[in-house]
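Heads up: the sequence shown at position 231 corresponds to 1496 in this note's numbering, and the numbers run straight through without jumps. Even for Gly, the Cβ is constructed at its ideal location relative to N, Cα and C. Please read these numbers as outputs of a predicted model, since none were measured by experiment.
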Amino acid sequence: MPKVAFVGAGNVGATAAVYLAETDLADIVLIDVVDGMAAGKALDMLAAGPLRGFTHAVEGTTDMDAVEGADLVLTTAGLARKPGMDRMDLLKKNAGIMRGIAERIKAKAPDAVVVNVANPLDVITEQILRTTGFPRERVIGMAGVLDSARFRAFLALELGVARTDVQAMVLGGHGDTMVPLLSGATVSGVPVTDLVPAEKLEAVVERTRKAGAEVVGLLKTGSAFVSPAASAVEMIVSILTGQERLVSACVRLEGEYGFRGITLGVPAVLGRGGLRRIVEVKLSDGERAALERSAEAVRSGIAALES
Ligand code: NAD
């Protein structure tokens, strides 16, 4: 049975564990530094098993070495964004936390695929790549699936259609410079640009860019976790089962889209072993320029990490 370790059993980690448990695809271990938290949440989940129909092991611990033998590790450990805090404020604290975690993953689960959620997403993903020394196929950041889901949901609201019928993708870094692709957005194959006036679409793009902050502003403490957890599990399931889903994922680029040596959200096929391939789609001139700006923002984050 595959083993999935959740490092960080806070809002995103524990919710993702519940969603994954309901697929009954893997044994689950929750790991968190807070004494009893992961064990308590695992015990609670175990009792939901007879009701929700999952049978595999669910355990919780403070012992980071419990990543041992994991096929996949979801990293959410660190601090969540608070109102007034931008993702870069989190960089220092979360990078330090993640360095220690990545060292344990390297030692105890050297063959694992790591899906990272911790922010600032692109920079922490780069940190994990550097610390583990894993190939880029096995260190993937989650942001594009979430940003795309938000984009799809807001487009559906504007169009008055089912959210599930809207297909759209957001590329670039996970921040204000993200690049929602209007050119490829459709409702059941019909381009949204044929259905909605440009200024309304621009408002949807703006709302998508600020969706994380919109939730933080309402919650006051903590940030979104249901949709981030669902997004992470979509990636995990594709990797565990070899579904080969094409999603927007943060991966290190080695020449694709003209970038080298940075982690950035691009269309990627996820399957067994993690990243299967990167898909290069045609971008409009505006989208291309926006992706360059986004890459620049990620580059400065990585430079901050280095300093
Ligand atoms: P949270 O505070 O609820 O959970 C984080 C957990 O990490 C806490 O329980 C904390 O005790 C634990 N932790 C801290 N240091 C640890 C360590 N060394 N080992 C193990 N556990 C440790 O926060 P959350 O809402 O679950 O968010 C988690 C992270 O995900 C944050 O960085 C947040 O900004 C990020 N996030 C990213 C996205 C995205 O789209 N990429 C979306 C939402 C949240």
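For residue j and residue i, the rounded distance between their alpha carbons
i: Ser1559; j: Phe1524; result: 12 Å
i: Asp1330; j: Glu1467; result: 47 Å
i: Pro1456; j: Lys1373; result: 47 Å
i: Glu1423; j: Val1469; result: 8 Å
i: Thr1528; j: Glu1521; result: 11 Å
i: Pro1348; j: Val1272; result: 24 Å
i: Lys1268; j: Leu1316; result: 22 Å
i: Phe1490; j: Val1277; result: 5 Å
i: Met1426; j: Ala1418; result: Just to set this straight, residue 1426 is Val in the shown sequence, not Met. Cα-Cα distance, rounded: 10 Å.
i: Ser1453; j: Ser1572; result: 47 Å
i: Ile1543; j: Gly1438; result: 16 Å
i: His1478; j: Glu1552; result: The displayed chain sequence assigns Ala, not His, to residue 1478. Taking the straight line from one Cα to the other gives about 23 Å.
i: Pro1375; j: Val1512; result: 25 Å
i: Arg1428; j: Glu1509; result: 22 Å
i: Pro1462; j: Ala1476; result: 21 Å
i: Pro1400; j: Leu1394; result: 7 Å
i: Gly1526; j: Ala1533; result: 17 Å
i: Ala1554; j: Glu1561; result: 11 Å
Beta-carbon spacing of residue i, residue j below 7 Å
i: Ser1488; j: Val1498; result: no
i: Ser1413; j: Met1434; result: yes
i: Ala1270; j: Val1332; result: yes
i: Thr1340; j: Ala1494; result: no
i: Ala1367; j: Thr1326; result: no
i: Ser1496; j: Leu1411; result: yes
i: Leu1337; j: Ala1377; result: yes
i: Asp1297; j: Ala1274; result: yes
i: Arg1580; j: Asp1441; result: The requested residue 1580 is not part of the displayed model; the chain covers only 1266 to 1572.
i: Gln1432; j: Thr1451; result: yes
Secondary structure of residue i, DSSP reduced to three states
i: Lys1358; result: helix
i: Met1500; result: helix
i: Glu1571; result: helix
i: Lys1373; result: helix
i: Ala1312; result: helix
i: Pro1493; result: helix
i: Asp1336; result: coil
i: Asn1381; result: strand
i: Gly1406; result: strand
Cβ separation of residue i and residue j, assumed to be a contact under 8 Å, to the nearest whole Å
i: Leu1535; j: Arg1541; result: 7 Å
i: Asp1351; j: Gly1566; result: So it is not a contact: roughly 11 Å between Cβ atoms.
i: Gly1409; j: Leu1436; result: 7 Å
i: Leu1356; j: Ala1569; result: 6 Å
i: Ala1307; j: Leu1295; result: 5 Å
i: Gly1398; j: Lys1371; result: 7 Å
Could you tell me whether the region 1402-1410 touches the region 1376-1393, using the rule of 3 or more Cβ pairs below 8 Å?
-> yes
How about the region 1293-1306 and the region 1508-1518: do they share at least three Cβ pairs that are nearer than 8 Å?
-> no
Between the region 1304-1322 and the region 1354-1362, do three or more beta carbon pairs fall short of 8 Å?
-> no
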